[in-house]
Amino acid sequence: MEHFNIAVIAGDGVGPEVIEEGKKVFSGISRIDGNFSVSFTDFPWGCEYYLKTGEMMPADGMDLLRGFDAVYLGAVGYPGVPDHISLGGLLLRIRRGFDEYINLRPIRLLKGAPCPLADVRPEDVNMIVVRENSEGEYANVGARLYSDTEREVAFQTAVFSRHGCERVIRYAFELARHEKRSLTSISKGNALRYSMVFWDEVFAEIGQEYPDVETHSLLVDAASMFFVKDPKRFEIVVTSNLFGDILTDLGAAIAGGMGLAAGANLNPERKYPSMFEPIHGSAPDIAGKGIANPLASIWSVSQMLEFLGEREWSQRLLSAIEILLMERRILTADLGGSAKTADIGAAVLEILGR
Ligand SMILES: NC(=O)c1ccc[n+]([C@@H]2O[C@H](COP(=O)([O-])OP(=O)(O)OC[C@H]3O[C@@H](n4cnc5c(N)ncnc54)[C@H](O)[C@@H]3O)[C@@H](O)[C@H]2O)c1
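For the sequence shown, full-length UniProt numbering gives the first residue as 1, with consecutive numbering after it.
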């Protein structure tokens, strides 16, 4: 029998609340299936850990995670610890350390999910954003000079390497070819004349190898407008780290809200574990109340199942989420219901068991 060993970093705020539901669903699916099993190993890392120890994760943290089949992460960041410390000391450290250079974010309006756009049908919002996840604007390069003087200067350097651009763009082309869908590159070559002109050149170069893939290129400002005005023009999207970060929050807003948006951090070569997470943060405003929506975390389980080779379960789980949304019986407050976080995992499993 196949066994999956999953490392769990539930993290801060609503992280532990939503992750609990995802674990319930993953374990429940393994029981229904009977041909694979799953075990979870919890790591208590995050802001509370930082306040006790001075670090977000221990020095040998990456070694501890290395042997797992996947990492399942809740959310990191909490008032009291500066966000650049919490993000840099845990999330970005894992993404970079395990070379998870693909951030895959499905933006799909499931039937029954709320959409703030007028006259939009579920099939109009159905894209996959491939976000560069290892360098770009989030490369850890910069300096602060002359601190606390009138001459104070801050430098934040974006890094666009040929290796980094080629691998994420090639991944997106392969995905578009496999899915038989168009590919849109989003950049900003008119203003960022070094990094983004280079990105556009690499996109055009790699495109020569994929004459069967329909391609489009958009500036990020125009793309933001089209995400709202005409989302159906986007099928597969490839973009940089910063633009992908912002655009996928916009994408989450048009596809059911933050409680429904999942993201996978992939090391496609499988040299290191990949990491699966809801894209929302620790939501300090609702933490501890038991009302956070865990569907994004449960969607992450669907992504994890697909990556682990359980494609049919991945699809069935997504359909179960869709049925839950359409039935409208058991939903959390952000989706107009009155259910608690802890009710949702069981409700999804009940649908899967029908
Ligand atoms: N991947 C991550 O771990 C990640 C991502 C974003 C922000 N953060 C961190 O989280 C903290 C809070 O950030 P923020 O407030 O900007 O973003 P956030 O995503 O935590 O919250 C934004 C809004 O969305 C709501 N929300 C988020 N998740 C929800 C859910 N599951 N169900 C219902 N409502 C939900 C919150 O209540 C809040 O009103 C910060 O420390 C930030 O750095 C972490």
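All C-beta atoms in this analysis are idealised placements derived from N, C-alpha and C, irrespective of residue type, glycine included.
Proximal residues to residue i (C-beta, below 8 Å), its chain only, five neighbours per side dropped
{"i": "tyrosine 272", "result": "Arg66, Gly97, Phe98, Asp99 and Glu100"}
{"i": "alanine 346", "result": "Lys24"}
{"i": "serine 300", "result": "Gly22, Tyr72, Ala262, Gly263, Ala264, Phe276, Glu277 and Pro278"}
{"i": "isoleucine 286", "result": "Val14 and Ala292"}
Residue i CB to nearest heavy atom of ligand 1 below 7 Å
{"i": "methionine 275", "result": "no"}
{"i": "serine 86", "result": "yes"}
{"i": "methionine 258", "result": "yes"}
{"i": "glycine 77", "result": "yes"}
{"i": "proline 284", "result": "yes"}
{"i": "glycine 142", "result": "no"}
{"i": "glycine 133", "result": "The residue you asked about is not glycine; residue 133 is asparagine in the sequence shown. The answer is no for asparagine 133."}
{"i": "isoleucine 279", "result": "yes"}
{"i": "valine 301", "result": "no"}
{"i": "alanine 7", "result": "no"}
Same chain, Cβ closer than 7 Å to residue i, five either side skipped, listed in chain order
{"i": "glutamate 166", "result": "Val202 and Ile206"}
{"i": "isoleucine 102", "result": "Val130, Asn133, Val168, Tyr171, Leu266 and Pro268"}
{"i": "valine 197", "result": "Gly189"}
Which residues DSSP lists as bridging residue i, in chain order
{"i": "isoleucine 186", "result": "Leu218 and Thr239"}
{"i": "leucine 104", "result": "Val130 and Ala264"}
{"i": "glutamine 156", "result": "Gly142"}
{"i": "phenylalanine 4", "result": "Val38"}
{"i": "proline 9", "result": "Here the sequence assigns isoleucine to residue 9, which means proline is not the residue at that position. For isoleucine 9, which the question treats as bridged, DSSP gives the partners Leu73."}
{"i": "glycine 136", "result": "Val159"}
Own chain residues within Cβ distance below 6 Å of residue i, not counting five before or after
{"i": "leucine 109", "result": "Cys115, Pro122, Val125 and Ala255"}
{"i": "methionine 326", "result": "Lys111 and Gly112"}
{"i": "leucine 175", "result": "Ile236"}
{"i": "aspartate 63", "result": "none"}
{"i": "glycine 337", "result": "Leu331"}
Among the options, the one whose alpha carbon lies nearest that of residue i
{"i": "alanine 262", "options": "His3, Asp119 and Val130", "result": "Val130"}
{"i": "lysine 188", "options": "Gly136, Glu235 and Ile107", "result": "Gly136"}
{"i": "isoleucine 279", "options": "Lys289, Ile286, Ala253 and Gly288", "result": "Ala253"}
{"i": "leucine 87", "options": "Asp60, Ala118, Gly46 and Asp63", "result": "Gly46"}
{"i": "isoleucine 19", "options": "Leu219, Val81, Ile186 and Gly281", "result": "Gly281"}
{"i": "valine 8", "options": "Asn293, Phe234, Ala70 and Gly28", "result": "Ala70"}
{"i": "phenylalanine 68", "options": "Phe43, Val153, Glu209 and Glu17", "result": "Phe43"}
{"i": "aspartate 12", "options": "Ile186, Asp60 and Gly77", "result": "Gly77"}
{"i": "glycine 28", "options": "Ser302, Arg329, Ala59 and Glu322", "result": "Ser302"}
{"i": "glutamine 179", "options": "Glu214, Leu145, Leu295 and Thr149", "result": "Just to set this straight, residue 179 is glutamate in the shown sequence, not glutamine. The residue with the shortest Cα to Cα distance from glutamate 179 is Glu214."}
{"i": "lysine 232", "options": "Leu242, Gly251 and Thr239", "result": "Gly251"}
{"i": "alanine 75", "options": "Pro16, Ser319, Gly288 and Asp343", "result": "Pro16"}
{"i": "isoleucine 107", "options": "Ser274, Leu242, Val238 and Leu51", "result": "Val238"}
Every unbroken alpha helix (DSSP H) within the segment 221–303, with a cutoff of 4 residues, ordered by chain | 241–254
Give, in chain order, every unbroken run of the beta strand (DSSP E) that is at least 3 residues long and sits entirely within the segment 71–127.
-> 102–108
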